[in-house]
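> Take a look at the following structure, please.
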Amino acid sequence: MSLPADQTVLDPEADVEFTPEQHDIWKILYARQAPQVEKFACREYLEGSGNLGLPADHIPSVQWLNERMTPRTGWRTLRTRVRYSDAVQWYNHFAAREFLITDYVRSRDELDFTPEPDMFHDVFGHLPYFTLPRYAQIQEMFAPAFLRATTDEQRENIKRLAWFSTEFGLIRQDGELKVFGTGLISSKGEMEHVIAGNTPLLPFKAATIIGFEKAIWSYNDQLFVFDSLGSLKAELASYFDTF
Ligand SMILES: [Fe+2]
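As structure tokens, then:
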């Protein structure tokens, strides 16, 4: 399966100009989340965050991001004007090691939670991880599975597994529950909700997860925990290898 060139993606040389208000919202979100991730994020996120070194006071450009990401893992980011990319297009970009980021920035009254993934989620949540080869390997499992899936059910299940791992997964490290998923990393509200023990947790088993619906408009009412990147990979493979 392949698509013609994606017209919604901007040339990195012609990146979006964000407004002073948008840079300000980034600054507020960054100042709120930086101490949270120090306490609650897994060690992979913190290592990636150290590699990327995001600016605290302004939204970085696509070129700036790629100069720091691509030499480490081969992944690059591209700006899209589409808020929710279609899954086929999304995974076609994944297959080329391209991670799409939006130009949408949440508003001041959505600082704690935004149902639509915004630029802060995409950049602050996801991109630090793309400086780590051992994390990139996990992301690189999804596109081949999605592109060879033959049924809608398989494609839905792949999206569920992505949702409950890279977006909202938790990991146990040194006996402590840590946040792995980028949807939690970028949401002060849901991160605190989960860490405080308000969300039921189950072991990350692909066979269990494919039966769960994703919660897009609210906090998740069920999340899943793995013990290592290796065990996450093994669980993903246990489903992806069935077709
Ligand atoms: Fe995301």
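Take the sequence shown: its position 127, counting from 1, is numbered 133 in my numbering, and each next residue is one higher.
Even glycine gets a Cβ: it sits at the ideal position worked out from N, Cα and C.
As the structure is a prediction and not an experimental result, all values here were calculated from the model.
Quick one: what does DSSP say isoleucine 4 is sitting in, helix, strand or coil?
Since the first residue shown for the chain is 7 and the last is 249, residue 4 is missing from the structure and cannot be characterised.
> For phenylalanine 24, which of Trp96, Lys45, Ser192 and Val111 has the nearest alpha-carbon?
Position 18 of the sequence shown, counted from the first residue, corresponds to residue 24. Comparing Cα positions, the closest option is Val111.
> Since threonine 188 and histidine 99 are thought to touch, with beta carbons under 8 Å apart, how far apart are those beta carbons, to the nearest angstrom?
Taking the first residue of the sequence shown as 1, we reach residue 188 at position 182. Taking the first residue of the sequence shown as 1, we reach residue 99 at position 93. Wrong, their Cβ atoms sit about 17 Å apart, outside the cutoff.
> Along the chain, where does the alpha helix (DSSP H) containing lysine 194 start, and where does it finish?
One-based indexing of the sequence shown puts residue 194 at position 188. 194-201 is the extent of the alpha helix (DSSP H) around lysine 194.
> Return no unless some Cβ of chain C is closer than 8 Å to the Cβ of alanine 151.
Of the protein chains in this structure there is only one, and it is not chain C.
> If you measure from the CB of threonine 120, is any heavy atom of ligand 1 nearer than 7 Å?
Reading the sequence shown from its first residue, position 114 is the one you call residue 120. No, the Cβ of threonine 120 stays beyond 7 Å of every heavy atom of ligand 1.
> Looking only at C-alpha atoms, which of Thr157, Asp115, Leu207 and Arg38 sits nearest to isoleucine 177?
Here the question's residue 177 lines up with position 171 in the sequence shown. Checked all of Thr157, Asp115, Leu207 and Arg38; the closest Cα to isoleucine 177 is Leu207.
> Pull up the distance between the alpha-carbon of alanine 243 and that of methionine 147, whole angstroms please.
Position 237 of the sequence shown holds residue 243. Position 141 of the sequence shown holds residue 147. Distance between the alpha carbons of alanine 243 and methionine 147 is about 8 Å.
> How about isoleucine 191 and alanine 47: are their beta carbons less than 8 Å apart?
Looking up residue 191 in the sequence shown gives position 185. Looking up residue 47 in the sequence shown gives position 41. It is a contact, given that the beta carbons lie within the stated cut-off.
> Select from Val231, His29 and Val94 the residue whose C-alpha is nearest the C-alpha of serine 171.
Counted from its first residue, the sequence shown places residue 171 at position 165. For the residues Val231, His29 and Val94, the minimum Cα distance to serine 171 belongs to Val231.
> Start and end of the beta strand (DSSP E) containing leucine 138?
Along the sequence shown, one-based indexing puts residue 138 at 132. From DSSP, leucine 138 is part of no beta strand (DSSP E); its letter is neither H nor E.
> Beta-carbon within less than 8 Å of arginine 140's beta-carbon, same chain only, minus the 5 sequence neighbours each way: which residues are those?
Locating residue 140 in the sequence shown gives position 134, counting from the first residue. Within the same chain, arginine 140 has close Cβ partners Glu50 and Leu235.
> Could you check if glycine 189 belongs to the surroundings of ligand 1, using beta carbon to heavy atom distance under 7 Å?
The residue given as residue 189 occupies position 183 in the sequence shown. Checking the Cβ of glycine 189 against ligand 1 gives yes.
> For tryptophan 81, which of Ala102, Ala37 and Ala93 has the nearest alpha-carbon?
Locating residue 81 in the sequence shown gives position 75, counting from the first residue. It is Ala102.
> In chain order, what residues of the same chain lie with their CB nearer than 6 Å to the CB of valine 15, ignoring the 5 residues before and after it?
Position 9 of the sequence shown, counting from 1, holds the residue named residue 15. So the qualifying residues of the chain are Leu84 and Thr86.
> Taking DSSP's pairing of strands, which residues face arginine 82 in a bridge?
If you number the sequence shown from 1, residue 82 lands on position 76. DSSP, once it has assigned bridges, lists Glu104 as partnering arginine 82.
> Should histidine 199 be counted as a contact of ligand 1 given a C-beta to heavy atom distance under 7 Å?
One-based indexing of the sequence shown puts residue 199 at position 193. Flag unset: Cβ of histidine 199 not near ligand 1.
> Have a look at Ile34, Lys33 and Gly56 and flag the residue whose alpha-carbon is nearest the alpha-carbon of glutamate 44.
Residue 44 sits at position 38 when you count from the first residue of the sequence shown. The option with the nearest alpha carbon to glutamate 44 is Gly56.
> Could you compute how far the alpha carbon of glutamate 182 sits from the alpha carbon of aspartate 12?
As a first step, residue 182 is located in the sequence shown; it is residue number 176 there, counting from the start. As a first step, residue 12 is located in the sequence shown; it is residue number 6 there, counting from the start. Approximately 42 Å between the Cα atoms of the pair.
> Using only the alpha-carbon positions, how far apart do leucine 9 and glutamate 116 sit?
What you label residue 9 is simply residue 3 of the sequence shown in a count that begins at 1. What you label residue 116 is simply residue 110 of the sequence shown in a count that begins at 1. Any reading at leucine 9 needs caution, since the residue's pLDDT is 47, under 50, leaving its predicted position unreliable; the model's value is listed next. For leucine 9 and glutamate 116, the distance between alpha carbons rounds to 35 Å.
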